[in-house]
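Quick note: the sequence shown uses this note's numbering, first residue 1188, plus one each step.
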Amino acid sequence: MEKIAIQNGKVLRLANVLIKKLYSVTLLELDEAMNQMMQFIDVTGIQTCGPLITHVKGSYVTASGEVTVDYDMMIQTIGLTHIGGYDVKETYKTGKCLYTHFDGVVDDFHFAQNKLALYAWENEILTTGEEYIVYIENDGFHLIADIFRPVK
């Protein structure tokens, strides 16, 4: 049995999504922004249903050699809540994606991402370069996550 099985044609569908858009942030800033969003949700009492979802839209290298990313952090809520600094979408749906489920050690997560890239290459599938990660469980050592990579 394959440890990391790939499926083609899966669609990610979300409802009542609270979205924090981040542009040109460094990887250090990204961790801080993620912690701030989760603390904000806890403090304000926003009722959520489901795990944190990240959407990597692209990464760039600045003139000084620093890597930055364009990134969305999303979480489904119970009911729509309009909050300054966040976008809200009643429904959110991707196009068809390559998909895999990962359940293992955090340090091995890159194998799932690499296998998606290899599968796309072997099957001559063009992807958009974006990636959605649904963090089902993450305790810092063990990670369970779904990865969606949109195809062109």
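Note that CB positions come from ideal geometry on N, CA and C, so glycine has one too. Remember, predicted model here, so these are calculated numbers, not experimental data.
Open item on the list: Check whether the stretch 1260-1280 and the stretch 1224-1234 are in contact - that is, three or more C-beta pairs closer than 8 Å.
Closed with: Under the three-pair Cβ rule at 8 Å, the stretch 1260-1280 counts as touching the stretch 1224-1234.
Open item on the list: Using 8 Å as the threshold, is the C-beta distance between alanine 1299 and isoleucine 1233 below it?
Closed with: Cβ atoms of alanine 1299 and isoleucine 1233: not closer than 8 Å.
Task: Spatially closest choice to histidine 1297 from Glu1317, Ile1334 and Thr1315, by CA coordinates - done: Ranked by how close their Cα comes to the Cα of histidine 1297, the residues Glu1317, Ile1334 and Thr1315 have Ile1334 in first place.
TODO: Return helix, strand or coil for alanine 1202, following the three-state DSSP convention.
DONE: The answer is strand: DSSP assigns alanine 1202 an E or B state.
- [ ] Measuring alpha carbon to alpha carbon, tell me which of Leu1303, His1242 and Ala1332 ends up nearest threonine 1314.
- [x] When Leu1303, His1242 and Ala1332 are compared, the shortest CA-CA separation from threonine 1314 is found for Leu1303.
- [ ] Kindly indicate which residue of Glu1216, Gly1196 and Gly1252 has the alpha-carbon position closest to the one of tyrosine 1258.
- [x] Of Glu1216, Gly1196 and Gly1252, the residue nearest in Cα terms is Glu1216.
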